[in-house]
Each structure stands twice: as C-alpha cells, then as structure tokens.
Amino acid sequence: MSTIGIICAGDSELQPYLDMLPFKESKKKAMLTFYECEYQTHRLIALYSGVCKVNGALAAQILIDGYQPDFILNGGTCGGLDENVDIFDTIVAERCIYHDVAEDILTDFHPWMKEPWFLSDEKLLRAAERAQVRRPLRFGAVATGEYFLGAGSRRARLLEKYPEVLAVDMETAAIAHACYVNQVPFLAVRTVTDNGTLPGIGAFEANVEQASAISCQVCLEIIAAYSA
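Each residue of the sequence shown is one higher than the last, beginning at -14 in this note's numbering.
Structure follows, in structure tokens:
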C-alpha cells in the first residue's frame, strides 16, 4: 500500500476528499489536522495548510516527516493568468516558480538549483495525461506569490514577466520547494476560480466549491492512472 499526500490551501478545497473517501483517523500537529483516508489500495493523508507560502511549505515538511509519502499532490484552486484560461479549467503544473522572490536566491543559495523553476515529477505528469477525466486538462507553468491576484497593474506585470504562465496561486511553489529538497515526487493540480475577465475575491468565493470538486476528481483519477 502506497502513501500519498494531498495538500490543499483551504478547508473548502479539502472538503471534497473528506466527503468522497473512507475516513480512518485524524491527527493534529502544529495546528494542522492530518486526515487519513483510503482510496483504492492507497493510504491518503490529506490536509489543508492555510494560505500562502510558509503555510504550504510547513504543511509539506510535516507531512513528509510524519508519513513519508511516496508522492504529494497539491490540489485545490488557482487564478487564471493567461487570457485563454477559462473558469473551471484545470491546470496541471509542469513547472512552477515564485513570482515574488529574486530568481538568484534559489540558484546562488540553498538549495542551489540550476534554474529557479521547480519541475514536476515526470511519472505523475504521464499519469495526468492518461487520467480518465471529463474535462480537458491544461498543462503548463504556474507562478506562486504572497498576494491574491485581481485586476490591474500587478496582473499586467506578471503577464509581461512570465508570458508562459497559465495560472497563479499562493502555495504551489512553496510545496514544490519542500518536496524538492526532500526528493519527494510532486505535482500540482489546480482548478481556476477567477481570471482576467472575472477577477477578484468575489469570483473565487462564488466558484471555489465547484472548482475544488473538479480538482479533487482529477487528482483521484491521476492516482488511479499512476497505479495502473
């Protein structure tokens, strides 16, 4: 039986897993609750980390130390950056980057990366390509930073700096960072709640429940394809 970690940012993003999967037990550590569930032949350890980079990284490190997962999936929601990304599109991150950290921090200092991008696990990406999902998946780049991206100049600056980025969020690169230094395979699967056409917290709040359910279903299908 493999152990798989599932990290979401918020409770609404985690809830579909708890609604769908047989629940065994929960444990608390560092003000986080780790839910042990079953899916097919796998043990899933699911939790919500809280919003922003430090919370995501803390959750990932505690999960890795406590449960030694075979891989970690980051599920939940994101904001569309690319103008062709629609509400409820699901983004599979092939790579991710901090959009608010100087790029040489990661290359000139720990963890001395060759480039500032965190690359997703190839086997998990291939599983995502095989996954039996109802909606087409969008494969591409994701950027992470400490603020919710609405409309205006911040969006324009990010589009100019990272024209290849499909979506943005506040945790993915931090979770990928923790997985990178621990050599744990990682993949982020995020469904869009807001974009340049429909920006802002109001759009997120209106769409988070449905987007979270979509992301959850895609993550479970990726796990099934990974094991096939």
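Even glycine gets a Cβ: it sits at the ideal position worked out from N, Cα and C.
For Ser11, the beta-bridge partners assigned by DSSP are Tyr20. Where Glu114 is concerned, there is no enclosing beta strand (DSSP E), although the alpha helix (DSSP H) around it starts and stops at 107 to 115. Annotation for Ala163: Ala42, Ala45, Gln46 place their beta carbon closer than 6 Å to its own, counting only its chain and skipping 5 residues before and after.
Here the segment 90 to 98 makes no contact with the segment 18 to 27; the two share fewer than three CB pairs at distances below 8 Å. Spanning the alpha carbons of Asp71 and Cys37 requires a straight line of approximately 23 Å. At a cut-off of 4 residues, the continuous stretches assigned as alpha helix (DSSP H) that sit fully inside the segment 52 to 99 are 89 to 93. With contacts defined as CB atoms closer than 8 Å, Thr62 and Arg175 qualify as a contacting pair.
The criterion of a C-beta distance shorter than 8 Å is not satisfied by Tyr52 and Cys(-7).
Counting along the chain, Gly187 sits inside no beta strand (DSSP E); it lies in the alpha helix (DSSP H) bounded by residues 186 to 212. Per DSSP, Leu151 is one residue of the beta strand (DSSP E) stretching across 150 to 154.
Put simply, of Ala15, Val39, Leu6 the residue whose alpha carbon is nearest the alpha carbon of Ile30 is Leu6. In the structure shown, Tyr165 adopts helical secondary structure according to DSSP, grouped into three states. The Cβ atoms of Ile57 and Ile207 lie no closer than 8 Å to each other. As a beta-bridge residue in DSSP terms, Thr129 pairs with Tyr83, Asp154. By alpha-carbon distance to Ala116, the top candidate from Ser200, Met16, Ala15, Glu21 is Ser200. Going by C-alpha positions, Arg111 is about 19 Å away from Thr157. Taken through DSSP and simplified to helix, strand or coil, Arg175 comes out as strand. When the five nearest sequence neighbours on each side are left out, the beta carbons in the same chain lying within less than 8 Å of the beta carbon of Lys14 are those of Ile47, Gly51, in order along the chain. The C-alpha of Glu10 is placed about 42 Å away from the C-alpha of Glu68. In the three-state DSSP reduction, Tyr2 falls in the helix class (H, G or I).
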